[in-house]
Amino acid sequence: INMAQNLSFVKPYYVKTFQSGLKVVLIGVVPLYEKVDYINALRSTLQKVKTEVAPDLIILATSGGITYDPISGKQISLASKFNLGDTLVKQFSNEVDVFLFGNQAMVYTGVNKQGKVFSLPGGDGASVNQIDITLTRSDKKWKVSKVFIQNVKMESVSPDMELLSLMQGYEAYVERWLRTPVLRSEITVGFNKYMAILEDSLVTEIVNKAVIEFTKSQAGIWNIFNPNYEGFVKGDITRRDIYQLVGKTTTVKVLKLTGKEVKDIIKKSLEMVSFDGSKVLFSSTLINSPWLYDLFENIYYSVWLNNREIKKIEFAGKPLEDRDTLVVSVPSIRTYGQNPITSGTIISEIEIPVQRIVFDIVKSVIGGDILEHREDNNRTSEILLTYTVKPGDTLAQIAYRLGLAKSKEDLPVAIAELMALNPNIKDPNRIRPGWVFYYSKNYLNLIPPLKELFEIKKPGH
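This is how it looks when you write it as structure tokens:
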């Protein structure tokens, strides 16, 4: 209920009276889809409720989210026009006993020193928050004596058989609809969640470019893929294949980011990856949450995994400078919760599920009804290695020996990169035995082949 509307015949609250005489009031507030004075409207409603109902417990429910942790004050989300929870807590924490938030697919369960309860149940219907409140009667008044809140996974709850039976009646129809071909692929595209972190993937690229085009952004982040997705084979691509490109239901925010903020996001992701001298190690955080590693599209960049640095980064054919600004589409789910993106300024918030965006835009992205192109390889993961110059070595010999150049056409570029990585080389024709050079190789091109050699770090490592 939008309490700013002066609808006298509709009460913006619900009263539950128990046999013991205990009265609980539930008040609802919606986010600011219009410019309304909801604070004064709520204050007026609270005053009316206190006078006419005299409740013993007040619950305030909103579909809006929160930017700051209500207890610690730490920022846990990017500021959004839909995050009116912070203002509600600040204005009404003395009067309200329980705050129920929404609009964010993260779990939050908190009770402050005053016994006030704060709740966010998560997303996709995967869980709910169970709140247990004990009240005792003293001097003809009910007082809260004990409060407990916990998140309950729905998989542990027995389904309602009547509702389940009703839904099963639609299952055959939905399955037929999902099996309907909508595109055709001339190539087979495999997918692995860890390989998608190490190298560009057509699976993430299609979704990313669809969102970029839909939002009219310059670049985009997309990493909310389905970790169990295996890709699609040559032939028909069905609606199910398209739906499975997206791992979690999320909307989109369009941000203005500086070049420095883009680089900081990339470097933050690199903190979850390391190199032990022979293989890549992934942080245990990425086992269940691979979407915390942010993947950019329309920005061309290479990173060094072993020293967690950006080797080079370009946008529109030019080096991306710290002071540059870009319009970047970001999945909303990455702007709150665990390791959220909190930098940048929100330009717009697109309240449309990404699955629908992909369905609307995918043919434009792939250039018709047939998929026949590969990913653009806009990002690569490399390892910075060293080589000790031997007697008789020349830069050309070193470039060929290390696989940096495979032909005469490649050689000038390879030598230029070697000199850029090693500023002590003043003359490519004059190098000394014993000098130690840096050189860079794509991790997946290392010899011996290491394409499948990566591990998950155990917790505590």
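Under UniProt numbering, think of the first position of the sequence shown as 1, with each following residue one higher. Glycine is no exception: its CB is placed at the ideal position from the N, C-alpha and C atoms. Predicted model only: the values in this text are computed from it and were never measured.
For residue i, the residue or residues it bridges with in DSSP
i           : result
Gln130      : Gln150
residue 465 : The first residue shown for the chain is 1 and the last is 461, placing residue 465 beyond what the model contains.
Trp304      : Glu309, Glu382
Glu314      : Tyr300, Pro319
Leu78       : In the DSSP output, where bridge partners are listed per residue, Leu78 has none listed.
Trp142      : Arg137
Phe232      : Val189
Ala219      : Val328
Thr394      : Answer is none; Thr394 lacks a bridge partner.
Gln237      : As written in the sequence, residue 237 is Ile, which differs from the Gln given in the question. Bridge partners of Ile237: Leu183.
Thr335      : Beta-bridge pairing links Thr335 to no other residue.
Ile370      : Arg184
Leu257      : Leu326
Euclidean distance between Cα positions of residue i and residue j
i           : j      : result
residue 466 : Ile266 : Only positions 1 to 461 of the chain appear in the structure, and residue 466 is not among them; the question remains open.
Ile341      : Lys268 : 10 Å
Ile133      : Phe99  : 13 Å
Phe191      : Arg334 : 21 Å
Val144      : Arg137 : 9 Å
Ile242      : Ile39  : 43 Å
Pro428      : Val436 : 14 Å
Tyr443      : Asn307 : 13 Å
Val328      : Glu205 : 15 Å
Leu286      : Asp294 : 11 Å
Asn223      : Glu314 : 20 Å
Thr188      : Leu371 : 10 Å
Gln47       : Ala41  : 10 Å
Leu120      : Thr62  : 10 Å
Val15       : Tyr300 : 57 Å
Asn226      : Val203 : 10 Å
Val30       : Thr249 : 21 Å
Tyr229      : Gly65  : 30 Å
Ala4        : Arg176 : Residue confidence for Ala4 is low, a pLDDT of 46 falling below 50, so the modelled location carries little weight and cannot support an answer.
Val246      : Ala399 : 42 Å
Asp369      : Asn298 : 23 Å
Lys458      : Arg43  : Residue confidence is low: Lys458 scores 49 on pLDDT, short of 50, so the model does not pin down where it sits. Its coordinate-derived value is still stated next. Their backbone Cα atoms lie some 51 Å apart in a straight line.
Tyr438      : Leu178 : 52 Å
Asp264      : Asn339 : 13 Å
Leu384      : Gly169 : 58 Å
Lys116      : Ser348 : 33 Å
Trp142      : Val152 : 28 Å
Pro449      : Ser440 : Confidence at Pro449 is low in this model, with a pLDDT of 46, below 50, so the placement of that residue should be treated as unreliable; the coordinate-derived value is given next. Looking at the two C-alpha atoms, the distance is approximately 15 Å.
Residue i, enclosing beta strand (DSSP E) - first and last residue
i      : result
Asn442 : 436-442
Ile346 : 345-350
Pro423 : Segment: none, Pro423 is in no beta strand (DSSP E) and carries neither H nor E.
Thr380 : 379-388
Thr17  : 13-17
Arg184 : 181-185
Tyr274 : Looking at the sequence shown, residue 274 is not Tyr but Ser. Start and end: 273-275.
Leu26  : 23-29
Phe282 : 280-282
Element boundaries [alpha helix (DSSP H), containing residue i]
i      : result
Asn292 : The amino acid occupying residue 292 in the given sequence is Leu; Asn does not appear at that position. Where Leu292 is concerned, there is no enclosing alpha helix (DSSP H), given that its DSSP letter is neither H nor E.
Lys199 : The sequence given here places Glu at residue 199; Lys does not occur at that position. Neither: Glu199 is in no alpha helix (DSSP H) and is coded neither H nor E.
Thr285 : 285-288
Thr325 : Looking at the DSSP string, Thr325 is not in any alpha helix (DSSP H); the run it does join, the beta strand (DSSP E), is 325-331.
Thr251 : First-last for Thr251: undefined, no H or E at that position.
Thr62  : It is not in any alpha helix (DSSP H) - Thr62 instead sits in the beta strand (DSSP E) that spans 57-62.
Thr51  : 38-52
Thr87  : 85-92
Ile366 : 354-366
Ser165 : 161-168
Val174 : 171-178
Beta carbon proximity, residue i to chain B, threshold 8 Å
i      : result
Ala420 : Note that chain B does not occur in the displayed structure, where there is just one protein chain.
Counted within 10 angstroms of its Cβ, other Cβ atoms place residue i as buried (16 or more) or exposed
i           : result
Asp97       : buried
Phe148      : exposed
residue 550 : Look at the range of the chain in this structure, 1 to 461, and you will see that residue 550 is not part of it.
Lys193      : buried
His461      : With a pLDDT of only 46 at His461, under 50, the local geometry of the prediction cannot be trusted, and no value is derived from it.
Asp139      : exposed
Met167      : exposed
Asn445      : exposed
Met272      : buried
Ser77       : buried
Ile352      : exposed
**Q.** Touch test, the stretch 90-106 against the stretch 118-138, Cβ-Cβ under 8 Å, three pairs minimum
**A.** Per the Cβ contact rule, the stretch 90-106 is in contact with the stretch 118-138 (3 or more Cβ pairs under 8 Å).
(Q) Is it the case that the stretch 272-292 contacts the stretch 192-211, given that we only count it when at least three CB pairs across the two stretches are under 8 Å? (A) They touch, by the three-pair rule.
(Q) Under 8 Å, with one C-beta from each stretch per pair, do the stretch 362-375 and the stretch 203-214 reach the 3-pair mark? (A) By the Cβ test, the stretch 362-375 is in contact with the stretch 203-214, since at least three Cβ pairs between them sit closer than 8 Å.
Q. Should the stretch 243-258 be regarded as contacting the stretch 314-326, the criterion being three or more beta carbon pairs within less than 8 Å?
A. Cβ pair count under 8 Å is three or more, so yes.
Q. Can we say the stretch 148-162 touches the stretch 215-228, given the rule of at least three CB pairs closer than 8 Å?
A. Contact between the stretch 148-162 and the stretch 215-228 is absent, because fewer than three Cβ pairs lie under 8 Å.
(Q) I want to know whether the stretch 402-411 touches the stretch 350-362 - three or more CB-CB distances under 8 Å. (A) No contact exists between the stretch 402-411 and the stretch 350-362.
Q: State whether the stretch 45-60 contacts the stretch 13-21, with contact taken as three or more CB pairs (one from each stretch) at a distance under 8 Å.
A: The stretch 45-60, when compared against the stretch 13-21, does touch it at the 8 Å Cβ threshold.
Q) Below 8 Å, can you find three or more Cβ-Cβ pairs linking the stretch 111-124 to the stretch 58-78? A) With a cut-off of 8 Å, the stretch 58-78 and the stretch 111-124 count as touching, because enough Cβ pairs lie within range.
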